[in-house]
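Residue numbers (our numbering): 220 to 432.
Shown next as structure tokens:
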């Protein structure tokens, strides 16, 4: 297990590095390109040139590229997670899902919870991100609740949705579920998915919480 944890630590470092490169280097390059394209569009518009519409389309394409780059970068790392901790990162995740997909996604959490082990915090965030993605893309959920709370000596992360739930004929577990289960194990915790009593599913990760981490 110690070897697995070291591999996870190195992988987290590389993931953050790739995310920073996408967000900072490629993102800044595309932003500069968008500004140059905007200047070109304004010059063409001042001359009433017929190419103005094409330049405007170019600006729009580059801006879409900037948004795509930011979204890709967030798949590798969360700026909020690094700067302000897991609770803020989960809140941003909920707001992003609501804004992008029109799904009511909310976070319920004790803001006093602090996780100083960056690898554990990152694994929990990745689990939440993967579970929410499953709820959006595969479960057709309209309501997603992300809950982070203490359960005795454990920290409990739950993602609850009102989606289609489990199929009548269980299928082999996909890569996403296996990755979440593995991420929980690397954090010294457990992960399980079960049907919600009302509708949908509940994905839960439990890890031992050490206040003086």
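In this text, a Cβ means the ideal position worked out from N, Cα and C, and glycines have one as well. Predicted model only: the values in this text are computed from it and were never measured.
Buried or exposed (CB count within 10 angstroms, at least 16 for buried), residue i
i: residue 432; result: Because residue 432 sits at a pLDDT of 43, beneath the cut-off of 50, its placement in the model cannot be relied upon, and the following sentence gives the value as read from the coordinates. That one is exposed.
i: residue 290; result: exposed
i: residue 409; result: exposed
i: residue 339; result: buried
i: residue 251; result: exposed
i: residue 274; result: buried
i: residue 249; result: buried
Three-state secondary structure assigned by DSSP to residue i
i: residue 378; result: strand
i: residue 334; result: coil
i: residue 346; result: helix
i: residue 285; result: helix
i: residue 432; result: Residue confidence is low: residue 432 scores 43 on pLDDT, short of 50, so the model does not pin down where it sits. No coordinate-derived value is stated.
i: residue 422; result: strand
i: residue 325; result: strand
i: residue 269; result: coil
i: residue 239; result: helix
Euclidean distance between Cα positions of residue i and residue j
i: residue 281; j: residue 254; result: 9 Å
i: residue 342; j: residue 276; result: 40 Å
i: residue 306; j: residue 373; result: 16 Å
i: residue 380; j: residue 240; result: 33 Å
i: residue 330; j: residue 369; result: 11 Å
i: residue 414; j: residue 402; result: 21 Å
i: residue 165; j: residue 333; result: With the chain represented from 220 up to 432, any question about residue 165 goes unanswered, as that position is not in the structure.
i: residue 244; j: residue 371; result: 44 Å
i: residue 416; j: residue 424; result: 18 Å
i: residue 419; j: residue 399; result: 18 Å
i: residue 237; j: residue 396; result: 23 Å
i: residue 426; j: residue 320; result: 30 Å
i: residue 318; j: residue 311; result: 10 Å
i: residue 283; j: residue 247; result: 14 Å
i: residue 361; j: residue 268; result: 47 Å
i: residue 412; j: residue 429; result: 24 Å
i: residue 337; j: residue 376; result: 16 Å
i: residue 266; j: residue 285; result: 28 Å
i: residue 335; j: residue 404; result: 18 Å
Beta-carbon proximity list for residue i, same chain, < 7 Å, skipping 5 on both sides
i: residue 198; result: This structure gives no information on residue 198, because the portion of the chain shown stretches from 220 to 432.
i: residue 378; result: 347, 350, 351, 354, 363, 365, 422
i: residue 359; result: 382, 383
Spatial neighbours of residue i in its chain, beta-carbon cut-off 8 Å, leaving aside the 5 residues before and after
i: residue 309; result: 326, 328, 344, 347, 365, 367
i: residue 278; result: 253, 256, 257, 260
i: residue 316; result: 322, 324, 351, 355, 363
Start and end residues, alpha helix (DSSP H) containing residue i
i: residue 397; result: 394 to 405
i: residue 416; result: No alpha helix (DSSP H) contains residue 416, which DSSP labels as neither H nor E.
i: residue 367; result: No alpha helix (DSSP H) contains residue 367, which is instead part of the beta strand (DSSP E) from 362 to 370.
i: residue 248; result: 246 to 265
i: residue 314; result: 305 to 320
Own chain partners of residue i with C-beta closer than 6 Å, once the 5 adjacent residues on each side are dropped
i: residue 232; result: none
i: residue 242; result: 292
i: residue 264; result: 271
i: residue 406; result: 339, 342, 426
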